[in-house]
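S.K.:
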Amino acid sequence: MTEEIQALFKLIAEGAEFELSANDSGTEYLLRNKEDAKTAHLEGDDAEAFSQEYSTIKTQFPDYSVDQMLAQLWDQGGYSWMAVGDDDEE
């Protein structure tokens, strides 16, 4: 993930293990697993699906921590397979 791409995003949720950033228009997301040093760049249909799933989890599990919500999306939502190492170029 290049620094130029990361600079276009603002942090919207952060836990000890995961963080979520979005662009200003909310059409792209960066879902980062800090422990694995991997980031999934979500755009287009993937970003739209992610946004809906994230909203659903926040509604269904209001007591979940940020890490619990984002870990569920990372693992069970399947977004981990889209991730690249933080040092890798896209």
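Under our numbering, residue 510 is the last one in the sequence shown; the count climbs by one each step, no gaps.
Using N, Cα and C, we set each Cβ at its ideal position, and we do this for glycine too.
Here the structure is a predicted model, which is why all the values come from computation and not from measurement.
(1) Suppose you measure from the CA of Phe470 to the CA of Asp508; what does that come to, to the nearest Å?
(2) Looking at Phe429: is its Cβ nearer than 8 Å to the Cβ of Ala491?
(3) Are the beta-carbon atoms of Leu493 and Leu450 separated by less than 8 Å?
(4) For Thr459 and Ser500, what's the separation of their Cα atoms in angstroms?
(5) Among residues of its own chain, excluding the 5 on either side of Asp456, which ones have a beta-carbon nearer than 6 Å to its beta-carbon?
(6) Starting from Ala469, trace the alpha helix (DSSP H) in both directions and tell me its first and last residue.
M.R.: So, to answer that:
(1) Rounded to whole angstroms, Phe470 to Asp508 spans 23 Å at the Cα level.
(2) No, the pair does not count as a contact, with Cβ atoms beyond the cut-off.
(3) In this structure, Leu450 does not lie closer than 8 Å to Leu493 by Cβ.
(4) Roughly 8 Å between the two C-alpha positions.
(5) Take Asp456, set aside five residues on each side of it, and no residue of its chain has a beta-carbon closer than 6 Å to its own.
(6) DSSP places Ala469 inside the alpha helix (DSSP H), whose first and last residues are Asp465 to Gln480.
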